[in-house]
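Asker:
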Amino acid sequence: MATTVKQMLEAANAAVPRITPPQAREMMAKGNTLVIDVRDAPEVEKSGKVRGAVHVSRGMLEFRADPETPYHDKNFTKDKVLILYCASGGRSALAGKVLKEMGYSQVYNLGAFKDWAESGGAVDKPIKPGM
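The sequence shown runs contiguously to residue 137 in my numbering.
#1: Once you ignore the five residues that flank G58 on each side, which residues in its own chain have a CB closer than 7 Å to its CB?
#2: Closer than 7 Å: is that where the CB of R57 sits relative to any heavy atom of the ligand NAP?
#3: For the candidate residues L105, K131 and L90, whose alpha-carbon lies nearest to that of P27?
#4: Step through the CB atoms of chain D and report whether any lies within less than 8 Å of the CB of L90.
#5: To which residues does DSSP link V44 through a beta bridge?
#6: In chain order, which continuous runs of the beta strand (DSSP E) of length 3 or greater are located wholly inside the stretch 81-105?
#7: Just to confirm my understanding: we take K106, look at its own chain, exclude 5 residues before and 5 after, and list those with CB closer than 6 Å. What are they?
#8: Return the CA-CA distance between P73 and G127, expressed in angstroms with no decimal places.
#9: Does R24 come out as helix, strand or coil in the three-state DSSP assignment?
#10: On the three-state DSSP scale, how would you describe A18?
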């Protein structure tokens with residue numbers, strides 16, 4: 007039987023706890039966290055990203071997270087707390103579920119970037135082309 011996006015999101019939201027910006031700040035303050043922006047590059051270029059976050063577009067996530075691929079990002083280690091976000095929380099939920107399936111155990115969904123920014127969270131501003 008085919009699975010719908012709604013069903014996939016329900017499963018992802020059940021598997022990956024949603025956290026608030028204050029909870030994320032608390033986790034980040036403790037250290038050993040990796041904040042991951044899974045939005046597409048044009049979105050990040052337009053708005054900036056959570057200060058210190060790594061940008062890994064949703065389409066490359068599995069390749070960056072798996073140490074067996076040539077695309078592995080050494081920031082991904084299974085002992086870290088992973089905090090993901092996107093524009094609304096859907097892609098970060100799906101991405102978090104995949105990371106859990108890959109053996110990452112401490113995975114959280116921050117949800118929407120705008121919620122972080124509007125709550126006063128630190129942001130790395132976008133770099134303007136030609137500057």
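Positions of the beta carbon are idealized from the N, C-alpha and C atoms, including for glycine.
Answerer: Based on what the coordinates show:
#1: Position 52 of the sequence shown, counted from the first residue, corresponds to residue 58. Same-chain partners within the cutoff: V41.
#2: The model on display carries no ligand, and the ligand NAP is accordingly not part of it.
#3: Position 21 of the sequence shown, counted from the start, is the residue given in the question as residue 27. For the residues L105, K131 and L90, the minimum Cα distance to P27 belongs to L90.
#4: Judged by its chain identifiers, the structure shown contains no chain D, having just a single protein chain.
#5: Stepping through the sequence shown from its first residue, residue 44 is reached at position 38. Paired residues: none, contrary to the question.
#6: Counting whole runs of 3 or more residues, the stretch 81-105 contains the beta strand (DSSP E) stretches 87-92.
#7: Within the sequence shown, the letter at position 100 stands for residue 106. Contacts found: A21 and V113.
#8: Along the sequence shown, read from residue 1 onward, the residue named residue 73 stands at position 67. Along the sequence shown, read from residue 1 onward, the residue named residue 127 stands at position 121. Inter-residue distance for P73 and G127 is about 31 Å (C-alpha atoms, whole angstroms).
#9: To locate residue 24, count along the sequence shown from 1; it is residue 18. R24 falls in the strand class under three-state DSSP.
#10: Mapped onto the sequence shown, residue 18 falls at position 12. A18: helix per DSSP, three-state reduction.
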